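Engineer: Just so we're aligned, residue 295 is where the sequence shown starts under the numbering used here, counting upward by one.
Yeah, the Cβ is synthetic: ideal placement off N, Cα and C, and Gly gets one too.
For clarity, every value in this text was computed on a predicted model and none was experimentally measured.
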Amino acid sequence: MNLTDLQAAFTAELAAVNRKLRALVDERARGMGLTLARARLLMELAREDGLIQSDLAGLLEIEQPTLVRLLDGLERNGMVERRAVAGDRRARQVFLTPMARAQAEDILAFLAELRADILQGIAPQDLELALSVLRRTSRNIAAGRSTAS
């Protein structure tokens with residue numbers, strides 16, 4: 295296979311794997327009564343509760359108004375609580391409620407099982423190489439974005 299065909303095959307496979315993985319996670323989230331966006335938000339807060347809203351938006355790679363809508367819905371359902379930050383009237387920290395923490399832990403457990411299943415039979419050195427390639431690809435994409443702006 296020539297380089298152009300190899301690059302085309304790699305990017306096509308990368309996109310296909312991304313779609314399949316998102317579909318699996320989305321299906322599980324829907325089974326728990328969540329959207330994928332809400333599940334991602336809960337997972338981030340399970341990893342680090344009490345994040346500032348602007349930091350959370352950055353981690354999720356979404357705009358602040360989109361985050362506010364997600365948080366409004368989760369707050370109405372008793373899953374998150376927003377608290378003022380001392381010394382900053384505009385900033386709000388976001389915390390999981392106990393109910394949401396249990397649900398987030400279920401999602402994180404599912405993701406651990408999913409990783410084990412989909413990476414089964416792949417040697418650690420192959421995973422290290424694949425991770426290196428993906429990180430380099432990510433850096434190249436980021437560099438391309440910064441020069442295109």
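Rounded to whole angstroms, what is the Cα-Cα separation between ARG377 and ALA323?
Structural biologist: Approximately 26 Å between the Cα atoms of the pair.
Engineer: For GLN397, is the classification buried or exposed, using 16 other Cβ atoms within 10 angstroms of its Cβ as the cut-off for buried?
Structural biologist: It counts as buried.
Engineer: Rounding to the nearest angstrom, what Cα-Cα distance links LEU328 and ALA417 in this structure?
Structural biologist: Cα-Cα distance, rounded: 34 Å.
Engineer: Kindly indicate which three-state DSSP category GLN387 falls into: helix, strand or coil?
Structural biologist: Reduced to three states, the DSSP call for GLN387 is strand.
Engineer: Could you tell me if ALA351 is buried or exposed, where buried requires 16 or more neighbouring beta carbons within 10 angstroms of its beta carbon?
Structural biologist: By the neighbour-count rule (16 or more Cβ atoms within 10 Å), ALA351 is buried.
Engineer: Rounded to whole angstroms, what's the CA-CA distance from ALA403 to GLY381? Just pull it up for me.
Structural biologist: Rounded to whole angstroms, ALA403 to GLY381 spans 37 Å at the Cα level.
Engineer: Pull up the DSSP beta-bridge partners for LEU345, would you.
Structural biologist: Beta-bridge pairing links LEU345 to VAL388.
Engineer: With distance defined between alpha-carbon atoms, name the residue in LEU428, ALA437, GLY438, GLY367 nearest to PHE304.
Structural biologist: It is LEU428 whose Cα lies nearest to the Cα of PHE304.
Engineer: Is it buried or exposed for LEU300, if we count other Cβ within 10 angstroms and need 16 for buried?
Structural biologist: Exposed, since its Cβ has fewer than 16 Cβ neighbours within 10 Å.
Engineer: For the beta strand (DSSP E) containing GLU375, name the first residue and the last one.
Structural biologist: First-last of the beta strand (DSSP E) with GLU375: 374 to 379.
Engineer: Would you say the segment 330 to 349 touches the segment 362 to 374, given that touching needs at least three Cβ pairs under 8 Å?
Structural biologist: With the cut-off at 8 Å, the segment 330 to 349 and the segment 362 to 374 touch.
Engineer: How would you label ALA410, buried or exposed, when you count the other beta carbons within 10 angstroms and need 16 or more for buried?
Structural biologist: Exposed, by the Cβ-count rule.
Engineer: Take LEU354 and list the residues in its own chain whose beta-carbon comes closer than 8 Å to its own, dropping the five residues that flank it on each side.
Structural biologist: Around LEU354: ALA331, ARG334, LEU335, GLU338, LEU361.
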